[in-house]
Structure formats: structure tokens, C-alpha cells
Amino acid sequence: AWSNCLEIIKDNVSLQSFKTWFEPIRPVKLQNSVLTIQVPSQFFYEWLEEHYITLLRKTIKKELGAEGKLEYSIVMENGTSNSKPYTVKIPTTNRQALKNDPVSVPLDVNKDHPIKNPFIIPGLKKIHIDSQLNPNYSFDSFIEGDCNRLARSAGYAVAKNPGGTAFNPLLVYGGVGLGKTHLVHSIGIEIKNQHPNKTVLYVSSEKFTHQFIDAVRNNNQNDFIHFYQMIDVLIIDDVQFFSGKEKTQDVFFHIFNHLHQTGKQLILTSDKAPVEMQGMEQRLLSRFKWGLSADLQSPSLETRIAILENKMYNEGLELPKEVVEYLAYSITTNIRELEGALISLLAQSSLNKKAITLELAKQMIDKFVKNTAREVSIDYIQKVVCDYFDLPIELLKSKTRKREVVQARQIAMFFAKRMTKSSLANIGMHCGGKDHATVLHACKTVNNLIDTDKRFRTYIDELEKKISIQ
Ligand code: ADP
Ligand code: MG
Numbered sequence: 008a009w010s011n012c013l014e015i016i017k018d019n020v021s022l023q024s025f026k027t028w029f030e031p032i033r034p035v036k037l038q039n040s041v042l043t044i045q046v047p048s049q050f051f052y053e054w055l056e057e058h059y060i061t062l063l064r065k066t067i068k069k070e071l072g073a074e075g076k077l078e079y080s081i082v083m084e085n086g087t088s089n090s091k092p093y094t095v096k097i098p099t100t101n102r103q104a105l106k107n108d109p110v111s112v113p114l115d116v117n118k119d120h121p122i123k124n125p126f127i128i129p130g131l132k133k134i135h136i137d138s139q140l141n142p143n144y145s146f147d148s149f150i151e152g153d154c155n156r157l158a159r160s161a162g163y164a165v166a167k168n169p170g171g172t173a174f175n176p177l178l179v180y181g182g183v184g185l186g187k188t189h190l191v192h193s194i195g196i197e198i199k200n201q202h203p204n205k206t207v208l209y210v211s212s213e214k215f216t217h218q219f220i221d222a223v224r225n226n227n228q229n230d231f232i233h234f235y236q237m238i239d240v241l242i243i244d245d246v247q248f249f250s251g252k253e254k255t256q257d258v259f260f261h262i263f264n265h266l267h268q269t270g271k272q273l274i275l276t277s278d279k280a281p282v283e284m285q286g287m288e289q290r291l292l293s294r295f296k297w298g299l300s301a302d303l304q305s306p307s308l309e310t311r312i313a314i315l316e317n318k319m320y321n322e323g324l325e326l327p328k329e330v331v332e333y334l335a336y337s338i339t340t341n342i343r344e345l346e347g348a349l350i351s352l353l354a355q356s357s358l359n360k361k362a363i364t365l366e367l368a369k370q371m372i373d374k375f376v377k378n379t380a381r382e383v384s385i386d387y388i389q390k391v392v393c394d395y396f397d398l399p400i401e402l403l404k405s406k407t408r409k410r411e412v413v414q415a416r417q418i419a420m421f422f423a424k425r426m427t428k429s430s431l432a433n434i435g436m437h438c439g440g441k442d443h444a445t446v447l448h449a450c451k452t453v454n455n456l457i458d459t460d461k462r463f464r465t466y467i468d469e470l471e472k473k474i475s476i477q
């Protein structure tokens, strides 16, 4: 029975989540429609409860029928070594008791209610729909940084006055894992807070497309259009998915026009700027440009650290500061990966009952980023160089011309040019606001010294090793 369950679960979570959270589970027994599974630790149990409970419930119901129940048995920590795996602040009251008694999860499948049938009787004025907003993705948990300031504040303005600003549509664009989905949920949630009577709907472009195809098949396109035309705030995620889908673009165009003309708000996301979107009808692209396009960029080191700290706070976790910094240094481009690394680290520590140390973090990160061809960051290079010469990193980033700082800065520039894809201008900006000519000059100087000064050359070799090991 459990292996059937696993099949279902596998289709519903990412491969990484599956490996992390479901493979370590062992089925123990099945008796009177109660399936007992063994999880490796309390932490596992809590994580499953918090993140996968709906999926587990549904799966069990599918497999064992309405009577089905799930019980957990938690492997006890036998209190031997001093390895304290991690600190978990348990949010609800009597979790402690669960260590001894397996827990029964009542099967309450009504808790989540996706719109099974989004079509409503035409003519009905006010509609009540589930907005499909994820409460975890609120503004409170969206960390602000230079990388998202414009998009965030435009989003906030829209939330205050949906349909009433020049930002209509609001198009949020940027690479994967930079927070587009999170931000548009935040806007939706804030609108619900400030304007409880407004009908807000979040839908992915993919779901929209499938709903439309179904409507065409069942011959109720009009109901489909009616439904969408009655929404006050329509949030459509990943509109690049509409590329090359002419019929869907047509119907979206009509809905867009209707909503826009009646002062309703549209919020869209895309992985590209409108000018770069391929396979999209011109008239739709020109509509996208009516409002505001705001991009999300890769977060700076400070923002990455803040995001990790916030995430840990929300999950009730504590990690050594050096580990958090190491994660933030190593994973530079994508917030989803950053969170993925944090979670894998927790799982690892829980599974092996090892404390989370810098050592463990390094081992894990090495495995984690192997397939993603990681590039070292300028920040990281600067840190290693400063550690090596025992200089505060602020000095290196400042404009000071002190001799020992100038040389360290030149070395950092040299490595940044060699080991990252950053432009000379960008490197200069990170190193005390110098221009690209200064960076080029620095590289020449360092190359000359390597050729002429033996001791200097040893420095460079050692540093290079340190930077590439990470
Ligand atoms: P995208 O839709 O651009 O691919 P997501 O919105 O799914 O990215 O974000 C990926 C992950 O990163 C999510 O878990 C999200 O909560 C988190 N995240 C993104 N931006 C921020 C931010 N500014 N503050 C906190 N968490 C963020
Ligand atoms: Mg997304």
C-alpha cells in the first residue's frame, strides 16, 4: 500500500523533495485501514505535517478509501552522544507527547478546495471563489532589497488601490526563483486584507490554458469567459506559457480588455521582459506595456542572508551564523536554490543525527551545487582575499588608497575577472566604485607581479586554491 502511495506522491512533489522527505520513510504496518509509517525523527514528522499533510491525506484516502488513517511512528533519539542535531522551536503545544504515542491524522479532505468547477451561473452578481492565494507568501515574508524594491513598492501601491493606479497591468518579470510568484501572492493577500469585498483570483497560465481547453471541449467557453470577467483582481503567473498558443491568447486578450475597461486590476508575471517575449501576439504585447513592467534581479549577499534568516525564523530554526553566511556566499543566483540548500541541510542533519556545522554545510553544498555549475561570486572572492590579508572587507569595498588595501583590492579584481562572468564595470562597482579602466589596470599590475615577484606569486597560488575550494 505504501509503495502505491509513494507513486502518487512522486507525481506531486519535486524529485528533490521526494528524495529528501519521502524516501527515508518506512512503512511499518497496515491494520484496519490504519497505515503506520516510521519517520526518522521528530523533525521529519513536523516537516511532513507542516508541508505535506494535504498531499498525504489525499493519497491515503485514494489508496485506503475514506476510512483510511495515517499513523506516524517516530524514531527516538537515544540521547547518547552530545550531537544536538538542531534547535526546533515547536509551534504548537503538546508535540512532546507525540514521541511516545503515534499520532492519528483525521482525514479531513475538505480542508483544501481547489476550484473544481470555476464556472458559475451567469447573471449571478457577486461571486465567492477561493482566491488560491498561499498565505505563506505574504508581504511580511517577502524580504526587501535593491533587487526587488521597485517591483515591491509598485505591488504595494497596486494593493492599496487595485485598478486605480497607472500600474495596470502590473507585469513582474525576472529569472526563475527570484520571487515573482511570491510577490504576486503578496499583492493578492494584501488586496484581500485591505479590500475584503474584492474578488481576487490567482491562476497559473498553465491552469488557465487547461481550463480553457476543457471549456472548449465541453462547449462552455462563454461560461469560462464570464467567470473571468467577473473577477476584480486577476493574477496570472508565468504568461510566457501562452507563447505560441493562439487560441488561449485570443481568449485572454478579450478577458484582459474587458477587465481593463471596467477598471479591474491585472497582475502578470513572466520570465522575460515584454520586448523579449517570443510567440506572443503583438496586440497582447502592446497591452502588457500599458501599465508598469518591473523586474526582479538577483539578490545581493545581504539580502540573501536576510532571506535565509527570515526563513529560519518562520520555521523556528536556529543555525550557526557561519553556516548561514556560507550558504549565502555559495548560492548566489536563485532564491529557490538557496532555500533548497537550507532545507537539505536540515534534513541531512536530522537524518544522520549530526549537528549542523560549517563542515557539514560544505559537504552538502558541494554535492548540492555540483550539477548547477556554480560560479564563484565577487563577494566570496573578496571575503577570501580579505581573510588572507587580514583586512576588513569594508575597506576593500571602500575608496581608500592605503597601500595594503590597494593591493588586496587589485588582487580581488584580478580573481573576479578570471573566475566570474562579471563585466569589468560590475567588478569595479563592487570594489570601491572603480571604473572598468581601473579594473583592467589592476589585472595588468597583478599579472606583472606574478611574473616578476616570486613571493607574490605564492600568495596568488594560495589564494587561488582557497577560492576554488570554497
Ligand atoms: P519565481 O516565481 O520567480 O520562480 P518564487 O516566487 O517561486 O520565484 O520564489 C522562490 C522561493 O524564494 C520561494 O520560496 C519564495 O518564498 C522565496 N523568495 C523569493 N523572493 C523572496 C524574498 N524577497 N524574500 C523572501 N523569500 C523570497
Ligand atoms: Mg513562479
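Residues in the sequence shown are numbered consecutively from 8, following full-length UniProt numbering.
For each residue, glycine too, the CB sits at the ideal point set by N, CA and C.
Please read these numbers as outputs of a predicted model, since none were measured by experiment.
Note that the C-beta distance between P281 and S300 is below 9 Å. Cα atoms of S211 and D18: separation of roughly 18 Å, rounded to the nearest angstrom.
Proximity of the beta carbon of R464 to the ligand ADP is not indicated: no heavy atom of the ligand is located closer than 8 Å. Residue range H443 to T459 is occupied by the alpha helix (DSSP H) that includes T445. A Cβ closer than 5 Å to some heavy atom of the ligand ADP marks a residue here, and those residues are F149, I150, V183, G184, L185, G186, K187, T188, H189, I314, I342 and R343. Excluding sequence positions up to five before and after P34, its CB lies within less than 6 Å of the CB of W9 and I44, all in the same chain and listed in chain order. Taking 9 Å as the cut-off, the Cβ atoms of S250 and D153 do not count as close. Proximity of the region 182-197 to the region 136-149 meets the contact definition, three or more beta-carbon pairs being nearer than 8 Å. Using a C-beta cut-off of 8 Å, the region 312-330 makes no contact with the region 284-291, since fewer than three inter-stretch Cβ pairs fall below that distance. Between R311 and L345, the CB-CB gap stays under 9 Å. L22 is positioned such that its CB atom lies no closer than 9 Å to that of L77. Under DSSP, I242 shares a beta bridge with Y209 and I274. Beta-bridge partners assigned by DSSP to A301: V179. Beta-bridge partners of T43 (DSSP): K36 and E78.
In this structure, T206 sits near H135, with a CB-CB distance shorter than 9 Å. Note on D244: 16 or more other CB atoms within 10 angstroms of its CB, so buried under the neighbour-count rule. Relative to the non-hydrogen atoms of the ligand MG, the Cβ of T276 comes within a distance shorter than 8 Å of at least one.
Between T276 and V246 the beta-carbon gap is near 7 Å, inside 8 Å, which marks them as a contact.
Counting only the Cα atoms, S337 lies some 22 Å from S357. About 13 Å separates the CB atoms of K214 and L241; that is not less than 8 Å, and the two are not in contact.
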